[in-house]
Amino acid sequence: MADYADPENTLVIETTKGNVVIAMRPDLAPGHVEHIKKLAREGAYDGVVFHRVIEGFMAQTGDVKFGNSNSPDFNPSRTGTGGSQYPNIKQEFSAEPHVRGTASMARAQDPNSANSQFFICFGDARFLDRQYTVWGQVVEGMDNVDQIKRGEPVINPDKMVSVKVAADIA
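Under my numbering, think of the first position of the sequence shown as 148, with each following residue one higher.
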């Protein structure tokens, strides 16, 4: 296992483009970090596609209901409209900026509608500050995020092959 400062709060995502490591921030968003760790530990994110990837902005993934390419419920036309089997999470907005490598929760119009979907910023997206919950920062593999296929929707999308909490990797 790699040497991570806080393995319990480090997310290791194996994507079709290579690994991406996110240092999670329970100090900013404790509820969101716990929710993401629960979904990762259940294997809910394994096989989930990057369904909305906008050049210069962000790569969005995490629709465990309709976006899991390994599931019989996989539905490319509905990917991006689903969440998990769990209730939505109350917003945990902060002053943490949306900059290159920021991991933040996707949501609908209701500020308390985040569930399983999240995005990683390609560059500055400061217009999102204090409106979306920042829960982590990419610390390794941003070059792999940069290679994720673009589209809205993405045709033949890249995916998260596996998502694990670093503390659980033997």
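Each residue gets a CB set at the ideal place from its N, CA and C atoms; glycine is no exception.
No experiment lies behind these values; they were computed from the predicted model shown.
A272 and P244 have their C-alpha atoms roughly 8 Å apart. With respect to the C-alpha of V195, the residue from V180, H182, P173, N222 having the closest C-alpha is N222. Remark: C-beta atoms of G288 and A170 do not approach each other more closely than 9 Å. Judged by beta-carbon spacing, G209 lies within the 9 Å limit of Y192, meaning their Cβ atoms are closer than that value.
In this structure A206 is in contact with I295, their Cβ atoms being roughly 5 Å apart against a cut-off of 8 Å. In this structure, F265 sits near I183, with a CB-CB distance shorter than 9 Å. In the DSSP assignment, N235 forms no beta bridge with any residue. C-alpha of E189 to C-alpha of P304: approximately 23 Å in a straight line. Ranking V312, G165, S224, N156 by CA distance to the CA of D174 puts N156 first. When secondary structure is reduced to three states using DSSP, N166 falls in the strand class. In the three-state reduction of the DSSP assignment, F265 falls in the strand class, which pools E and B.
In the three-state DSSP reduction, N217 falls in the coil class, being neither helix nor strand.
In this structure, DSSP gives V196 an extended state, which the three-state scheme calls strand.
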